[in-house]
Every structure is written in C-alpha cells, then in structure tokens.
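Before any comments, here is the structure.
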Amino acid sequence: MKLLLAAILSIAAPAAALAGPASDAVRFFYVPQVKFEADAQYRDRFTEPVTKLFDLNDQATKKNPDQVACIDFDPGLDAQDFDQKTISKTLKLSETVDGDTAQVVASFSLFPEGDDSQREMHWSLKKVDGKWKISDIASKTSDWTLSQLECIAGQDLE
Numbered sequence: 492m493k494l495l496l497a498a499i500l501s502i503a504a505p506a507a508a509l510a511g512p513a514s515d516a517v518r519f520f521y522v523p524q525v526k527f528e529a530d531a532q533y534r535d536r537f538t539e540p541v542t543k544l545f546d547l548n549d550q551a552t553k554k555n556p557d558q559v560a561c562i563d564f565d566p567g568l569d570a571q572d573f574d575q576k577t578i579s580k581t582l583k584l585s586e587t588v589d590g591d592t593a594q595v596v597a598s599f600s601l602f603p604e605g606d607d608s609q610r611e612m613h614w615s616l617k618k619v620d621g622k623w624k625i626s627d628i629a630s631k632t633s634d635w636t637l638s639q640l641e642c643i644a645g646q647d648l649e
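Using the working numbering, the first residue of the sequence shown is number 492, and each one after it goes up by one.
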C-alpha cells in the first residue's frame, strides 16, 4: 500500500509543480469561460507594453465604432472561434518562475477535431505589488507576439 501511495505521489508531484500563482493569472482567461483580454474590465491584469496596445485598440473603437479595431481576434486563443468545452477539457498550463518574472505556457485545442485546432500560447508575466500581471502574449502556433502588433487605427497620424 505504501509503495502504491509513493508511486501515485511521484507521478502527481511533478504535475503539481508545474502550476502555481502565475498559472492562475493565465487560467482566469480560459476557464470557466474564455474572456477577451483586451476588454477594459481586465486591464488591471496587464502591464505595458500590452496595455498600450489595448489603449490604442480602445481609441480605434471609439473613433470608428462600425469598423473592426486593431485586435480582431482573441489573443489568448490565437483565434476568433472556439468550443469552450474543448478548451476547458484540453487546457494544460506549465510555468517557469524566475524571481519577479514568469513564463506560462498554455496548450489546448480549440475544437474536438482538426489539425489546425491545436494552440500553444506563451504568456509573459511580471510580479507587480505582489500580484502576477501579464506583460505579453505570444503565439508559438502562428509566430506572433502581442506587443509587436501595430495599431495604427488608434493613433493620430500627422
């Protein structure tokens, strides 16, 4: 019996070590329901440079409410369409913490079937006033980084 318990703990312990407070900050955007990162109500969960892009996106939306602003997809999903049950079922998070910075890798499927349904997102976080805040999101699937996206529509060009 003790041997069985030791085997179970040795398998469970590595998985438990992969998730923690930084992962919790990312998990919030996936379950129990996907949340749109650029939504103003979640702005306090981010830091620059991402907040600057979100602000430009807000400005673009205000200037031209009938047009698509700069962010026309869900950055945490690298997609527009998804099946919530599939994301909730397949979501795997792992984190690496180095002092006041962390990297959280989120891997999941958007839909139950389809080769292009797999996603791997890398979230960069910083500890600010004791809380993990997101400083960037990168898609390893599509090879982009949120902080590198341009939002010309929200800027005054002169």
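C-beta: ideal position from N, C-alpha, C; glycine also.
Within the stretch 505 to 572, there are no complete beta strand (DSSP E) runs of at least 3 residues.
Three or more Cβ pairs closer than 8 Å define a contact, and the stretch 546 to 560 falls short of that threshold against the stretch 601 to 608.
For I625, the uninterrupted beta strand (DSSP E) run begins and ends at K622 to S630, by DSSP. No Cβ-Cβ contact shorter than 8 Å links S630 with K617.
In this structure, L584 and R610 do not form a Cβ contact; the two beta carbons are roughly 13 Å apart against a cut-off of 8 Å. For the pair K622 and Q575, the Cα-to-Cα distance works out to about 27 Å. Contact between A531 and D515 fails: their C-beta atoms lie close to 22 Å from each other, not under 8 Å.
Judged by DSSP in its simplified three-state form, L616 adopts strand.
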